[in-house]
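Chemist:
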Amino acid sequence: MKRGIIVTKYGPTPSLFRSASKGQFKVLKALIEDKGKNVNATNRYGMSALCYAVISAARAAELVSKGKSPEVPLATAFQCVALLMSKGGNPTQTNDAGEDVFDIARKATENYPRARRLL
C-alpha cells in the first residue's frame with residue numbers, strides 16, 4: 031500500500047480522511063472537487079471524512095474552551111465540516127460502533143460543556 035492512501039470499501043482514498051482530521055481545507059477541497067472523491071466513503075471502522083472533521087472540530091473546541099491554542103484552528107475545522115456537508119456528507123451515516131457524527135460530537139465533548147456550546 032502506498033503511503034497516504036487509505037483503502038476503503040470503495041477503493042483507495044488518498045488523504046481524504048487525513049486532510050479532514052488535520053484541517054487541511056485546501057487539500058480536502060481539491061480531493062473532493064478536482065479528484066471527485068466520495069465524501070461518504072468509509073474506512074475499515076466505518077468512519078467517514080465527516081466523522082474525522084467533527085472529531086477535529088471537537089478537539090479544537092475543547093482546547094479553545096480551556097484557553098489553549100489548538101493544532102487545527104477552530105474556524106478551519108468548522109470549514110472542513112461545512113465543506114463536507116455542502117458536498118453531500120451524510121451526518122446520519124453510522125460507523126461500525128453505530129455512532130453518527132452527532133453522537134461522535136457529543137461523545138468528544140461530554141466532559142467539556144463549553145466546548146459543546148462552541149460546536
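Just so you know, the working numbering puts 118 at position 88 of the sequence shown, and the rest follows in order with no gaps.
Each residue gets a CB set at the ideal place from its N, CA and C atoms; glycine is no exception.
Where do the ends of the alpha helix (DSSP H) carrying D133 lie?
Modeler: Taken as a continuous stretch (DSSP letters only), the alpha helix (DSSP H) holding D133 covers 131 to 139.
Chemist: Does Y142 pass the burial test, meaning 16 or more other C-beta atoms within 10 Å, or should it be called exposed?
Modeler: Classification of Y142: buried, given that the 10 Å Cβ count is 16 or more.
Chemist: Decide yes or no for the touch test of the region 87 to 101 against the region 122 to 142: beta carbon pairs closer than 8 Å, at least 3 of them.
Modeler: Yes, they touch.
Chemist: Based on DSSP bridge pairs, tell me the residues matched to T72.
Modeler: According to DSSP, which records beta bridges pairwise, T72 is partnered with S78.
Chemist: Since I believe V69 is in contact with K117 (beta carbons under 8 Å), could you give me their beta-carbon distance rounded to a whole number of angstroms?
Modeler: Correct: roughly 5 Å between the Cβ atoms.
Chemist: Taking a contact to mean a Cβ-Cβ separation below 8 Å, would you say A112 touches G53 in this structure?
Modeler: No, they are not a contact pair.
Chemist: Which residue wins for smallest C-alpha separation from L46, given the options T124, Q123, L114?
Modeler: Checked all of T124, Q123, L114; the closest Cα to L46 is L114.
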